[in-house]
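To keep things clear, I will list the structure first and then write my remarks on it.
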Amino acid sequence: MAKVLLVEDNEMNRDILSRRLSRRGYVVVFAMDGQQGVEMARSEKPDIILMDMSLPVMDGWEATRRVKSDNAMRNVPVIGLTAHAMSGDREKALEAGCDDYDTKPVELDRLIEKMEQLLRERQNG
Amino acid sequence: MPQNLRNRIRHQLSVAVDPARWVGVIGLAVVICIAYFLAARLSLALLNKAEGVAVFWPAAGVAAGVLIALGPSARLSVVAATMAATIVANLLGDRNIWSTILFALCNAGEAVLTAWLIQYYLGSSFSLGRLRSVLGLVAAAFLGTAVSGIGGAISFRLFHSSTTSMLATWQQWVASDGLGIIAVAPLVIGLAAAARERPSRSELIEGALAVAALALTGGLAIFLPPDLLATVVPIAMLFPPLLWLAARCRPVFAAAAAFIVSLLIVWTTTFGIGYFGNSSLPIGERVLAAQASILLMTLGALVLAALFAEIRDKGQQLEIASQHKSQFLANMSHELRTPLNAIIGYSEILQEDVKELGQDQLAPDLKRIENAGRHLLGVINDILDLSKIEAGRMDVFLEDVELVPLLDEVRSIITPLTEKNGNTLDFRLSPKLGSLRTDRTKLKQSLLNVLSNGNKFTQNGRLTLVVERIEGDRAMVRFVISDTGIGMDEEQLGRLFQAFSQADASTTKKFGGTGLGLAITRHFCRLLGGDISVTSRRGEGSTFTITLPDRAVAPAQIEAAKAPHHVSGDVNNAITVLVVDDDPAAHDLLTAKLKGESYRLVHANSGEEALELARKIQPDAITLDVLMPKTDGWAVLSALKADRELVDIPVVMVTVVPDRGLGLSLGAVDVLTKPVDRAQLTALLHRLVRREGPVLVVEDDAGTREMVRHAVRKIGITVAEAENGRSALIWLSNNPAPAAILLDLMMPEMDGFEFLDTFKHNSDWHDIPVIVMTGMQLTAAERDRLLSQVRKVIAKGASIDVDIAAAIGGVVRRRSARSVVKAAV
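And the structure:
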């Protein structure tokens, strides 16, 4: 089953999403900030990354840029997660290199649909 | 305790005998003394010889003004100077030593008393920009001179065998000294303030013009024959320039203009010229008319200037308050959303749990919690949107949006809602809708708002969305959303798009919602160059029409709006090093070695490519491998040194076969042996691209300063620091120009914007590049305005150190890299 790296600093959000994803059969590993996120992306080799955008130490945009500028990790899909769709976050996330984007609180089915599509694309590509 | 006392005494003594202090006191005293003496001579020159009365005594204003401007520490200097000047001036005239001493005491005393009254009642916060201060000055001037006038009157009676009554002498003293203080002290105080604040050149020019205008109209009013002015009250002529001065200039200019006109009045009164020189009137009446005119005009100018300054001040405060409000709302919405996420998330988890456990009867309650949470979230998002719109902080992101997929998305979101209300949903899209250049999220949210609004007020009916293109002068796309719901009457339609107002307060109770959705939608549509309109009849449903231009335009905004993240990823301005090697592994190795040094590396795989790239990108330094096929490193080096454009670029040879002598003789800066030692290479590069420092960091937060200092030093540049705009200006005027300025915006005392206003007017500083670093949410317009004055705007964020290195690298690059090498060669 696919391995998901969840980068999220809020403990409850992390708990909620990781429990629900595990219940659907995903293997979930997490990082608490952007810096750790980049390190874990390198060491854990996840199939897909769920990246919160407002993170301490290094924000999600920067972390995504670093992941996407690293040859070894470039093709791991990243889904950016932000609190609110209206503040131009979507554009900023895509600009930073996110493959897709969703708002928090996530609607799990919609998020999983996006994840599965990216995972399929990655397998085919 | 005794120890304590001894220390205090010792301290007082050391202050008392501190030579620097005495140099200051005496120097100041000499300056004031000269100024006072000149003002006194001026007064005496303007004295009506026949009657011996002065219209006003400007010297009094010099002493009081200096004392108010500099505070009690100048008291000693002022007293000494005033007395000395009075004595000298009087001894030149009449030689009565006793009257001279008494006059000197009175003159010094009135200045001290006036200043003390102001200090006592207004504190040290005296400012010509405050009405309270100005009125306080007037009151203190007359109180102070009323006391000193007693001494003056006694002196005249005792030593000058004056024939006028003591009361009349006292009145004259109070009038001329009081007026002197009111007319001159504000000028002195204003000049001192202006010396501290340094008005910009354009301010000075405008101020001087306004002063000249008032002096001119004042002169006209005085000199034009009365019959020419028959239909104009002379004083009315002064109003336009007075208003100009007050509304647009610092108070010091109003004070200066009033002083100049006062002098004109005194001069013409004394010598019998013009309006005040009417020889048919007795001198006493003319003097009184002159004094009244001076008082009214000066008072008018100062009060108007203070009122306008207060209004300007209020405006600034409001702006700051509004910024704080937006910031607060942004923070608050974050604080509110975080726990809401948890509420929604855990209620969803619990729903899954109960399903697994077969406790399905609990599920509906949990669903209600989730729904309530999502509803609350929607409300918070609406409020945040609206506050951003109101604060002008809503940016627009234009892109080409394919309409059909977007409408599919909208349909999939809205369908569950319509099903709940038993409505059918009908999308009628005309063929070939194609794409629309617009803001995707805002268009989507607008459609969702209107559709869900229609759905909310429609039960078991029909919702229709018609989308079509309108060709014409300007290609548009029209979205018509109609429902078969309850509809609205005229009065409700009028209030429909206003924030916080649903058609009827009771609808809120029945149908829910904040009533913000349609207001936000209208803002969005207008932001995108279109609009929304509505037609409706009670009981027959409503029809909303959104019209958007095929290509929305907001070119200036779009680019700038994306800037903050563009900037952090953009290393085009970093120090560029061209790495030349035919072996890809060598490139990787060097890249790894220079990692974290914030250099931008450009790679060339052959000698030819290296020369071509060097011409194109003008790198700051080149590392050059020697052993390459076709053109080898030595040939490349010779070609580089033969090219006038490239000769200055420092070249480091990197080779397995070291030949230091040959390398240096061909013009290389150094020759390194492969495998390259990381420390050696970075040290060399640091030296080669070292900049002429320092970089001035203007930032109030010590922690951030420290971080920035670190980032700048890392790229080999020294750092100077200032805590706010004002101390930065002081630093700049006392030091040679820095290589660059890193400027924070939000700072106490003088913020970044104010700093830039002053900074840009000093031509000595035009060449200094300024980089703004800010944590503020800037609007596209604000960013544009800033970018017209500064080189770069960096958002304060996690990657700020990289951004700073890159930005500094860019602006301080060329001149230095070259000059260092020249010095080395």
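Chains U and R are the protein sequences, given in the same order. For the first sequence, this note's numbering begins at -2 and goes up steadily by one. For the second sequence, this note's numbering begins at 16 and goes up steadily by one. Every residue gets a Cβ at the ideal spot worked out from N, C-alpha and C, and that includes glycine.
Buried versus exposed, by CB contacts within 10 Å (16 or more), residue i
{"i": "E5 (chain U)", "result": "buried"}
{"i": "K89 (chain U)", "result": "buried"}
{"i": "N22 (chain R)", "result": "exposed"}
{"i": "V641 (chain R)", "result": "buried"}
{"i": "D441 (chain R)", "result": "exposed"}
{"i": "L24 (chain R)", "result": "What sits at residue 24 (chain R) in the sequence shown is Ile, not Leu. Label assigned to I24 (chain R): exposed."}
{"i": "L173 (chain R)", "result": "exposed"}
{"i": "S294 (chain R)", "result": "exposed"}
{"i": "Q665 (chain R)", "result": "Contrary to the premise, residue 665 (chain R) reads as Pro rather than Gln in this sequence. With 16 or more other Cβ atoms within 10 Å, it is buried."}
{"i": "V419 (chain R)", "result": "exposed"}
{"i": "A578 (chain R)", "result": "Annotation note: pLDDT 29 at A578 (chain R) (below 50); position unreliable, coordinate value reported separately. A578 (chain R) comes out buried."}
{"i": "N105 (chain R)", "result": "buried"}
{"i": "L14 (chain U)", "result": "buried"}
Nearest candidate by alpha-carbon position, reference residue i, set the options
{"i": "R426 (chain R)", "options": "R:R455, R:K459, R:V416, R:L448", "result": "R:K459"}
{"i": "L466 (chain R)", "options": "R:S450, R:A625, R:T499", "result": "R:T499"}
{"i": "W113 (chain R)", "options": "R:R477, R:R537, R:V127, R:M98", "result": "R:M98"}
{"i": "E505 (chain R)", "options": "R:I485, R:L542, R:R552, R:I535", "result": "R:R552"}
{"i": "A44 (chain R)", "options": "R:A270, R:V81, R:F141, R:K340", "result": "R:V81"}
{"i": "A754 (chain R)", "options": "R:I823, R:N777, R:I237", "result": "R:I823"}
{"i": "Q513 (chain R)", "options": "R:M503, R:G502, R:A534", "result": "R:A534"}
{"i": "I819 (chain R)", "options": "R:S742, R:L652, R:M643, R:Y614", "result": "R:Y614"}
{"i": "T591 (chain R)", "options": "R:S621, R:P564, R:L628", "result": "R:L628"}
{"i": "V671 (chain R)", "options": "R:S653, R:L639, R:S680, R:F291", "result": "R:L639"}
{"i": "V713 (chain R)", "options": "R:L279, R:I547, R:L771, R:S450", "result": "R:L771"}
For residue i, the three-state DSSP class (helix, strand or coil)
{"i": "K101 (chain U)", "result": "coil"}
{"i": "G393 (chain R)", "result": "helix"}
{"i": "P74 (chain U)", "result": "coil"}
{"i": "T733 (chain R)", "result": "coil"}
{"i": "D598 (chain R)", "result": "coil"}
{"i": "K807 (chain R)", "result": "strand"}
{"i": "I547 (chain R)", "result": "strand"}
{"i": "L711 (chain R)", "result": "strand"}
{"i": "M668 (chain R)", "result": "strand"}
{"i": "M788 (chain R)", "result": "strand"}
{"i": "E59 (chain U)", "result": "helix"}
{"i": "K65 (chain U)", "result": "helix"}
{"i": "F559 (chain R)", "result": "strand"}
{"i": "P256 (chain R)", "result": "helix"}
{"i": "R615 (chain R)", "result": "strand"}
{"i": "I485 (chain R)", "result": "strand"}
{"i": "V416 (chain R)", "result": "strand"}
{"i": "R443 (chain R)", "result": "strand"}
{"i": "L150 (chain R)", "result": "helix"}
{"i": "D49 (chain U)", "result": "strand"}
Cβ shell of residue i (< 6 Å), same chain only, five flanking positions each side left out
{"i": "T558 (chain R)", "result": "S497, T550"}
{"i": "F323 (chain R)", "result": "A261, A262"}
{"i": "A735 (chain R)", "result": "P709, L711"}
{"i": "A123 (chain R)", "result": "V94, T97, M98"}
{"i": "H580 (chain R)", "result": "Annotation note: pLDDT 26 at H580 (chain R) (below 50); position unreliable, coordinate value reported separately. Hits under 6 Å: none found."}
Proximal chain R residues relative to residue i, where beta-carbon distance stays under 8 Å
{"i": "M48 (chain U)", "result": "Simply none; closest approach about 13 Å."}
{"i": "L105 (chain U)", "result": "E363"}
Partners in chain R for residue i, counting only beta-carbon separations shorter than 7 Å
{"i": "K101 (chain U)", "result": "N356"}
Contacts that residue i makes with chain U (C-beta to C-beta distance below 8 Å)
{"i": "Y361 (chain R)", "result": "M9, I13"}
{"i": "E367 (chain R)", "result": "R17, R20"}
Under 7 Å from the C-beta of residue i: neighbouring residues of chain U
{"i": "R352 (chain R)", "result": "A80"}
Cutoff 9 Å: residue i Cβ touching any chain C Cβ
{"i": "L116 (chain U)", "result": "No chain C is part of this structure, whose protein chains are labelled U and R."}
Same chain, Cβ closer than 7 Å to residue i, neighbours up to 5 away in sequence not counted
{"i": "W2 (chain R)", "result": "Chain R is shown from 16 up to 840; residue 2 (chain R) falls before or after that span and cannot be answered."}
{"i": "Y98 (chain U)", "result": "I76, G77, R87, A90, L91"}
{"i": "R63 (chain U)", "result": "V35"}
{"i": "I109 (chain U)", "result": "R21"}
Neighbourhood of residue i by C-beta distance below 8 Å, restricted to the same chain and skipping five residues each side
{"i": "E41 (chain U)", "result": "K0, L2, V26"}
{"i": "L116 (chain U)", "result": "A(-1), D44, I45, P74"}
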